[in-house]
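Working notes, structure below.
Numbering (the numbering used here), first residue to last: 170 to 286.
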């Protein structure tokens, strides 16, 4: 499953419970993996001034949460975190033998593009 999170801020997704719900609901759907497109940020590596969203900060916060928050361990293999593409974070989900959901809640991340392979 791929979710495009362009245009969101860490406070909308990571620092609220939305990222947790995304991972949980993808697991409940029985998805084998989750790919979060957050963008790499313009001018990454240059002094950002006061604009954190242009530095790749969003992707760094997503990766930090997936690595360090123990709550995610029930749904993901944290050792499979793939950040080889600066604008995308991928992770393998643990298998769910009895999927109980067919889609992510539409009001969870309004206007985000969600695609399934």
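No residue lacks a Cβ here, since even glycine has one placed at the ideal position from N, Cα and C.
Pairwise C-alpha distance: residue j and residue i
i, j, result
"residue 260", "residue 193", "13 Å"
"residue 185", "residue 240", "14 Å"
"residue 226", "residue 172", "18 Å"
"residue 174", "residue 244", "20 Å"
"residue 269", "residue 204", "20 Å"
"residue 238", "residue 182", "14 Å"
"residue 177", "residue 258", "15 Å"
"residue 247", "residue 235", "7 Å"
"residue 280", "residue 232", "22 Å"
Option nearest residue i by Cα separation, candidates the options
i, options, result
"residue 179", "228, 173, 282 and 189", "228"
"residue 196", "265, 272 and 285", "265"
"residue 271", "279, 198, 231 and 249", "198"
"residue 285", "233, 274 and 200", "200"
"residue 208", "267, 274, 253 and 262", "253"
"residue 189", "251, 282 and 262", "262"
As assigned by DSSP and simplified to three states, the class of residue i
i, result
"residue 173", "strand"
"residue 202", "strand"
"residue 179", "helix"
"residue 184", "coil"
"residue 225", "coil"
Item to check | Segments of 3+ residues assigned as beta strand (DSSP E) that fall wholly inside the region 241 to 284 | outcome: Within the region 241 to 284, complete beta strand (DSSP E) segments of at least 3 residues are found at 257 to 261 and 282 to 284, given in chain order.
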